[in-house]
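Colleague: Got a structure for you, questions after.
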Amino acid sequence: MKRSAGRSRWVTEWQVLSLLFLSGVSEWASAGIRYAIPEETQKGSSVGNVVADLGLELKRLPDRRLRVVSGGSKRYFEADLKSGVLFVKERIDREELCGALSPCTLGFEIVLENPLELYSAAVEIQDINDNDPAFPSSQIRLEVSESVASGELALSAVTGYTRNECHIMCPFWVFYF
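Below, the structure written as structure tokens:
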């Protein structure tokens, strides 16, 4: 009976210690930081200071061997081991990377050694209007009589009414449908 009670106590202690360890690992692995940058940010541009944002000591950084680890084939970010600044390593084209998906986020891990620590990090790539609309002519001459009321339809004299070319007269604006 003594043997069984001792074993039961040992199993209980082991379960409690395992639970404490796993809860610590869970909290340790889930702590993270987030940044946002516009797409096509220049190589070498600063994203943020991971050392300051994670509350780490800059003087211990060389011994900690800070690394940025991502699962993809391209490494878009790198950390400066002297300053702790995260910077852009590769040009990022949001449309190429995420298409129409919004938000467009790149996730990665920040790994430190001695002691081993793992932080999740993410950078949201914000869309910029790099695909400006193109028009066949840079200027459109439109003559409208002063007697035309707001909300009236205007038809193209050349093509007549088509679904692709219908104009509604509004104060200061012309909307194309």
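All the letters of the sequence shown, read from the start, carry residue numbers -31 to -1, 1 to 146 under mature numbering (1 follows the signal peptide of the UniProt record, and there is no 0). Ideal Cβ positions, reconstructed from N, Cα and C, are used throughout, including at glycine.
(1) So, at 6 Å on beta carbons, what are the nonlocal neighbours of S42 in its own chain, with the 5 sequence-adjacent residues on each side left out?
(2) Between which two residues does the alpha helix (DSSP H) carrying P31 extend?
(3) Closer than 8 Å is the cut-off here; do at least three beta carbon pairs connect the segment 28 to 38 with the segment 68 to 76?
(4) Is there contact here, the segment 5 to 22 with the segment 82 to 101, by at least three beta-carbon pairs under 8 Å?
(5) I believe E9 touches I97 by the beta-carbon criterion, under 8 Å. Please report the beta-carbon distance rounded to the nearest angstrom.
(6) Mapping DSSP to helix, strand and coil, what is L85?
(7) Buried or exposed: where does L35 fall if 16 or more other Cβ atoms within 10 Å of its Cβ makes it buried?
(8) According to DSSP, is A103 part of a helix, a strand, or is it coil?
(9) Look at E78 and R33 and say whether their C-beta atoms are less than 8 Å apart.
(10) Using only alpha-carbon positions, find the residue among V19, S119, F46 that is nearest to K12.
(11) Which partner residues of Y4 appear in the DSSP bridge assignment?
(12) Could you give the residue range of the beta strand (DSSP E) that holds E9?
(13) Comparing alpha-carbon positions, which option in G68, S15, V54 lies nearest L23?
(14) For V64, collect the residues of the same chain with a Cβ closer than 6 Å to its Cβ; drop the 5 residues on either side in sequence, then sort them by chain order.
(15) Output the boundary residues of the beta strand (DSSP E) element that contains E47.
(16) What would DSSP say about E65, mapped onto helix, strand or coil?
(17) Below 8 Å CB to CB, which residues in the same chain sit around S39 once its five sequence neighbours on both sides are set aside?
Modeller: The structure says:
(1) none
(2) 30 to 33
(3) no
(4) yes
(5) 7 Å
(6) coil
(7) buried
(8) coil
(9) no
(10) F46
(11) V92
(12) Looking at the DSSP string, E9 is not in any beta strand (DSSP E), and its letter there is neither H nor E.
(13) V54
(14) For the record, residue 64 in the displayed sequence is Glu; it is not Val. Taken in chain order, the list of residues that qualify is empty.
(15) 46 to 48
(16) helix
(17) Y45, F46, L75, G76, F77, E78
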